[in-house]
Amino acid sequence: MNKDKVIAVVMTYARAAVPSVLAMYAGGITDPKVLAYAFISAFIAPLWKAIDPKATEFGKNSTTK
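Just remember that this note's numbering sits 132 ahead of the position in the sequence shown, which is counted from 1.
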């Protein structure tokens, strides 16, 4: 996996994790443990994309190595 692909994966994770945690915090949930779980569970979105055969950016059938 090259540097550009790693950056794309990290950015996808960040787009999923940061807004979800901020929304919970803005909604009044301030427990750090709950916010940490939300941050960790946001990893599901890029993981799901990675195993999706239709995701050609960095998914299962990605053409770039």
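Glycine residues also receive a C-beta, built at the ideal position from the N, C-alpha and C atoms.
In this text, all values refer to a predicted model and were calculated from it rather than measured experimentally.
- The Cβ atoms of Ala-174 and Ala-149 lie closer than 8 Å to each other.
- Taking all protein chains in view, the Cβ of Thr-144 is crowded by 16 or more other Cβ atoms within 10 Å, so the residue is classified as buried.
- Counting along the chain, Asp-163 sits inside no alpha helix (DSSP H), nor does DSSP assign it H or E at all.
- In this structure Val-153 touches Phe-171 by the C-beta definition: roughly 5 Å separates them, less than 8 Å.
- Thr-144 carries a helical assignment under DSSP once its states are collapsed to helix, strand and coil.
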